[in-house]
Amino acid sequence: MFHLRRQAVRSLRQRQLAQRYASTGPRSAGSGSGSSAGRVVPAVLGVAAVGLAAYALGRREQANIDAKPAAAPTTVAAATVASGSVNPAFDPNPKLRHRFGSPEDYAAAVDDLKGLFDDDHITTDEEDLAHHGGSAWTYGIALPPSAVVYPETTEDVVKIMKVATKYRVPVVPYGSGTGLEGQFSAPYGGICVNMTKMNRILALHPQDGDAVVQAGLGYETLNAELAEKGIPLFLPLDPGPDATIGGMIGTGCSGTNSVRYGTARGEWFLNVTAVLPDGTVLKTRQRSRKSSAGPDMTKLFVGAEGTLGIITEVTVRLAPLLPTRVGVVSFPSVRAAVDAVVDILNDGVQVQCVELLDALSVAALNHSGIMPNNLPEKDSIFFKFQGNPTVLENSAQTVQDLAGRHGGGNIHFAADEKESAAIWAARKGALFAALGHSGYETPMLYGNDVCVPISALPELVADSQAKFKEFGIYAPILGHVGDGNFHATIIMRGLDEVPMMSKVMSGIIKKAQELDGTCTGEHGVGMTKKKYLRDELGDGTLDLMLRIKNSVDPLGIMNPGKLYPDELMYEEVKWPPKAGSCC
Numbered sequence: 001m002f003h004l005r006r007q008a009v010r011s012l013r014q015r016q017l018a019q020r021y022a023s024t025g026p027r028s029a030g031s032g033s034g035s036s037a038g039r040v041v042p043a044v045l046g047v048a049a050v051g052l053a054a055y056a057l058g059r060r061e062q063a064n065i066d067a068k069p070a071a072a073p074t075t076v077a078a079a080t081v082a083s084g085s086v087n088p089a090f091d092p093n094p095k096l097r098h099r100f101g102s103p104e105d106y107a108a109a110v111d112d113l114k115g116l117f118d119d120d121h122i123t124t125d126e127e128d129l130a131h132h133g134g135s136a137w138t139y140g141i142a143l144p145p146s147a148v149v150y151p152e153t154t155e156d157v158v159k160i161m162k163v164a165t166k167y168r169v170p171v172v173p174y175g176s177g178t179g180l181e182g183q184f185s186a187p188y189g190g191i192c193v194n195m196t197k198m199n200r201i202l203a204l205h206p207q208d209g210d211a212v213v214q215a216g217l218g219y220e221t222l223n224a225e226l227a228e229k230g231i232p233l234f235l236p237l238d239p240g241p242d243a244t245i246g247g248m249i250g251t252g253c254s255g256t257n258s259v260r261y262g263t264a265r266g267e268w269f270l271n272v273t274a275v276l277p278d279g280t281v282l283k284t285r286q287r288s289r290k291s292s293a294g295p296d297m298t299k300l301f302v303g304a305e306g307t308l309g310i311i312t313e314v315t316v317r318l319a320p321l322l323p324t325r326v327g328v329v330s331f332p333s334v335r336a337a338v339d340a341v342v343d344i345l346n347d348g349v350q351v352q353c354v355e356l357l358d359a360l361s362v363a364a365l366n367h368s369g370i371m372p373n374n375l376p377e378k379d380s381i382f383f384k385f386q387g388n389p390t391v392l393e394n395s396a397q398t399v400q401d402l403a404g405r406h407g408g409g410n411i412h413f414a415a416d417e418k419e420s421a422a423i424w425a426a427r428k429g430a431l432f433a434a435l436g437h438s439g440y441e442t443p444m445l446y447g448n449d450v451c452v453p454i455s456a457l458p459e460l461v462a463d464s465q466a467k468f469k470e471f472g473i474y475a476p477i478l479g480h481v482g483d484g485n486f487h488a489t490i491i492m493r494g495l496d497e498v499p500m501m502s503k504v505m506s507g508i509i510k511k512a513q514e515l516d517g518t519c520t521g522e523h524g525v526g527m528t529k530k531k532y533l534r535d536e537l538g539d540g541t542l543d544l545m546l547r548i549k550n551s552v553d554p555l556g557i558m559n560p561g562k563l564y565p566d567e568l569m570y571e572e573v574k575w576p577p578k579a580g581s582c583c
């Protein structure tokens with residue numbers, strides 16, 4: 001039960017975010033004015049905010065618990081029975097079950113772990129297991145593990161891996177539960193390795209611009225610690241709140257800062273220490289800023305979603321923390337906005353973030369009451385400029401000139417850091433505002449993150465908006481327009497709409513791939529997008545991925561059911577493995 005305290009804190013934080021960002025009322029005809037008169041009085045926030053948005057953020061966690069997936073499932077059968085109460089699209093593939101141990105093996109593995117870890121480091125409590133099987137963001141994927149173990153050191157992880165290999169029990173890494181594609185669900189039961197106790201900063205090297213941390217540390221915690229110590233550096237990768245560094249590596253994350261700093265696939269992780277399925281510990285390279293000593297083994301773990309091993313320590317590269325200022329420009333269309341952004345980026349303007357919000361998103365922000373001043377309800381670009389005061393002023397003027405060539409209105413340039421922070425907080429709260437503005441009694445998010453070459457973004461957005469109109473879907477659009485990545489904030493009334501949303505989203509993904517894009521720009525593949533990989537990556541790349549997977553994890557116990565298309569995972573695994581390869 002000890003983990004439930006953390007769950008309660010997180011649910012409370014989600015509700016507080018919802019109360020802060022959600023609309024005070026649903027959409028209404030004639031509410032498109034950009035004047036402050038159209039704002040709803042913030043005093044009526046309470047019940048409407050919680051009823052519309054907090055449900056989607058916090059209550060779905062309780063719904064997963066209420067579903068009673070399976071009391072302390074310690075067998076494959078018990079774990080798979082739980083799938084009967086969720087969306088059939090995520091039912092575990094029975095052809096993979098031959099890889100894993102018998103019910104007796106599962107029970108023996110849990111018993112061994114209880115002999116290695118005290119009650120503060122292992123739990124089989126039913127509610128804890130349900131909590132670790134799904135989250136408020138995974139719309140119906142609620143597949144619990146058999147036990148949850150909380151390691152504190154690399155040596156602890158080695159112990160877990162040796163037990164898992166001995167009994168052929170799946171291992172599912174867990175960071176903070178913010179993944180959107182079911183990466184931490186346990187479709188075959190097994191051992192959930194919760195990394196949140198491995199959250200220490202092991203060393204800070206300001207002169208070298210790096211830090212050595214445990215993989216369960218949140219990036220926000222690292223940046224807060226740097227600020228508290230007066231070190232003007234930060235880790236600029238900017239995924240969702242609460243993300244851990246290990247999870248960020250696993251999904252190959254990015255965020256609003258990607259136009260300036262790139263993604264997790266850049267040079268932000270200098271090395272990792274990882275534990276392989278058989279308990280082998282490796283460190284991918286030294287701490288020097290660059291190295292030509294062989295292939296980059298660190299990158300092998302970026303985007304692997306915990307399917308090759310568990311990362312325990314990381315050396316992260318840090319960037320100088322520079323002054324910023326926010327500006328907003330409205331445009332007559334998405335095409336005009338994107339064309340302006342291309343010109344602005346090619347001009348060399350120092351921007352840290354370039355974010356597209358369509359007219360629906362701006363309307364949701366206006367009606368939420370969190371913007372310092374209402375904006376015209378048009379397709380808009382939110383800029384975050386970077387540099388000293390002179391550079392900031394020059395950047396704003398250049399953007400104004402270039403935007404004007406594409407029909408852009410006057411730039412609203414924040415007067416000071418306080419207003420900049422308020423505007424950017426509103427941008428970060430656009431999702432919550434959309435949940436509330438939907439007008440649905442129990443709104444739920446259907447996540448997505450397609451990405452295309454920047455020049456193709458207007459075509460993809462227009463195609464997506466046409467699909468939403470055809471099916472009557474409320475879906476404001478947010479986009480990291482500087483790199484062609486956009487999110488349709490698809491809002492569902494309930495889980496019964498998942499099949500329709502899946503059909504619509506499948507069409508959008510196929511369109512993105514036709515435009516030389518990807519099914520996932522930053523959320524990862526998980527359980528939900530692996531069926532799109534063959535069309536995107538091709539047989540040769542998938543074959544190489546599978547060869548690496550089978551070489552490192554011949555038993556297939558590392559985070560099964562994720563990333564790799566099911567049809568590639570049918571081959572029978574021989575047991576026992578060759579001598580010397582197991583515990």
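Take the sequence shown: its position 149, counted from the start at 1, is 149 in UniProt numbering, and no numbers get skipped. Yeah, the Cβ is synthetic: ideal placement off N, Cα and C, and Gly gets one too.
So, helix, strand or coil for residue i, using DSSP?
i	result
residue 470	helix
residue 423	helix
residue 545	helix
residue 121	coil
residue 513	helix
residue 115	helix
residue 436	helix
residue 325	strand
residue 527	coil
residue 489	coil
residue 278	coil
residue 384	strand
residue 147	strand
residue 587	Nothing about residue 587 can be reported from this structure: the residues present for the chain run from 1 to 583 only.
residue 557	coil
residue 84	Residue placement at residue 84 cannot be trusted, given a pLDDT of 28 that sits under 50; the coordinates are not used to answer.
residue 231	coil
Drop a sphere of 10 angstroms on the beta-carbon of residue i, count the other beta-carbons inside from all chains shown, and report buried for 16 or more, exposed for fewer.
i	result
residue 268	buried
residue 347	exposed
residue 357	buried
residue 560	buried
residue 181	buried
residue 236	buried
residue 286	exposed
residue 247	buried
residue 375	buried
residue 154	buried
residue 587	Only positions 1 to 583 of the chain appear in the structure, and residue 587 is not among them; the question remains open.
residue 186	buried
residue 564	buried
If we call anything under 8 Å between Cβ atoms a contact, is residue i one with residue j?
i	j	result
residue 454	residue 473	no
residue 123	residue 148	yes
residue 171	residue 184	no
residue 277	residue 161	yes
residue 214	residue 377	no
residue 471	residue 444	no
residue 331	residue 412	no
residue 305	residue 529	no
residue 295	residue 388	no
residue 245	residue 206	no
residue 169	residue 106	yes
residue 426	residue 364	no
residue 381	residue 341	yes
residue 302	residue 249	yes
Please look up how many angstroms separate the CB atoms of residue i and residue j, rounded, as I've assumed it's under 8 Å.
i	j	result
residue 399	residue 328	With a Cβ gap of about 10 Å, residue 399 and residue 328 do not count as contacting.
residue 584	residue 452	With the chain covering only 1 through 583, there is no way to say anything about residue 584.
residue 242	residue 176	5 Å
residue 326	residue 423	5 Å
residue 379	residue 438	Actually they are not in contact, since the Cβ atoms of residue 379 and residue 438 sit about 19 Å apart, beyond 8 Å.
residue 260	residue 352	4 Å
Suppose the cutoff is 6 Å on Cβ atoms and the five residues either side in sequence are ignored; what does the same chain contact list for residue i look like?
i	result
residue 553	277
residue 505	448
residue 339	406
residue 468	475
residue 164	171, 191, 557
Suppose the cutoff is 8 Å on Cβ atoms and the five residues either side in sequence are ignored; what does the same chain contact list for residue i look like?
i	result
residue 391	350, 385
residue 485	254, 258, 449, 450, 451, 479, 521, 522
Between residue i and the rest of its own chain, which residues show a CB-CB distance below 7 Å, the 5 nearest in sequence each way excluded?
i	result
residue 536	513, 518, 519
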